[in-house]
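Enquirer:
In our numbering, the protein residues as written are 3 to 105.
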């Protein structure tokens with residue numbers, strides 16, 4: 003029983019963090035020693051967006067995150083069907099399909 007407790011990590015999740023942060027855009031940059039994931043919320047008609055959360059990872063942890071995401075996507079698709087990705091040559095739809103705001 004003691005060995006099992008030594009390998010366990012007690013993780014706390016505050017109410018504020020548990021609410022999560024909505025992001026609809028992620029920008030990933032890297033150096034030789036770290037990956038930086040910036041999560042951003044872009045709103046329709048607003049030409050400026052703020053980074054809502056930044057996560058900094060080692061390359062090893064970034065690769066583990068990639069594997070964990072792939073595993074979870076496969077499990078999700080097995081239950082819910084294939085996730086479809088739109089092939090938009092312009093990238094992220096900055097106007098959300100509506101008209102862009104003008105100054």
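Built from N, CA and C at the ideal position, the CB exists for glycine as well.
If you pair each beta-carbon of the stretch 55-69 with each one of the stretch 78-88, do three or more pairs fall below 8 Å?
Expert: no
Enquirer: For the alpha helix (DSSP H) that residue 80 lies in, which residues bound it at each end?
Expert: Counting from one through the chain shown, the residue named residue 80 turns up at place 78. Note, residue 80: alpha helix (DSSP H), 61-82.
Enquirer: Report yes if the C-beta distance between residue 20 and residue 42 is below 9 Å; otherwise report no.
Expert: Along the chain shown, read from residue 1 onward, the residue named residue 20 stands at position 18. Along the chain shown, read from residue 1 onward, the residue named residue 42 stands at position 40. Not in contact: residue 20 and residue 42 (Cβ atoms no closer than 9 Å).
Enquirer: Considering only residues of the same chain and omitting the five flanking positions on each side of residue 30, which have a CB-CB separation below 8 Å?
Expert: Walking along the chain shown from the start, residue 30 turns up at place 28. Excluding residues within five positions, the ones whose Cβ falls inside 8 Å are 37, 38, 39, 40.
Enquirer: Put residue 19 into one of helix, strand or coil per three-state DSSP.
Expert: For the purposes of this step, residue 19 is identified with residue 17 of the chain shown, where counting begins at 1. Look at residue 19 here: in three-state DSSP terms it is helix.
Enquirer: Since residue 35 sits in a beta bridge, which residues does DSSP pair it with?
Expert: Position 33 of the chain shown, counting from 1, holds the residue named residue 35. In the DSSP output, where bridge partners are listed per residue, residue 35 has none listed.
Enquirer: Hey, how far is the Cα of residue 24 from the Cα of residue 56?
Expert: Position 22 of the chain shown, counted from the first residue, corresponds to residue 24. Position 54 of the chain shown, counted from the first residue, corresponds to residue 56. When rounded, the distance between both Cα atoms is 13 Å.
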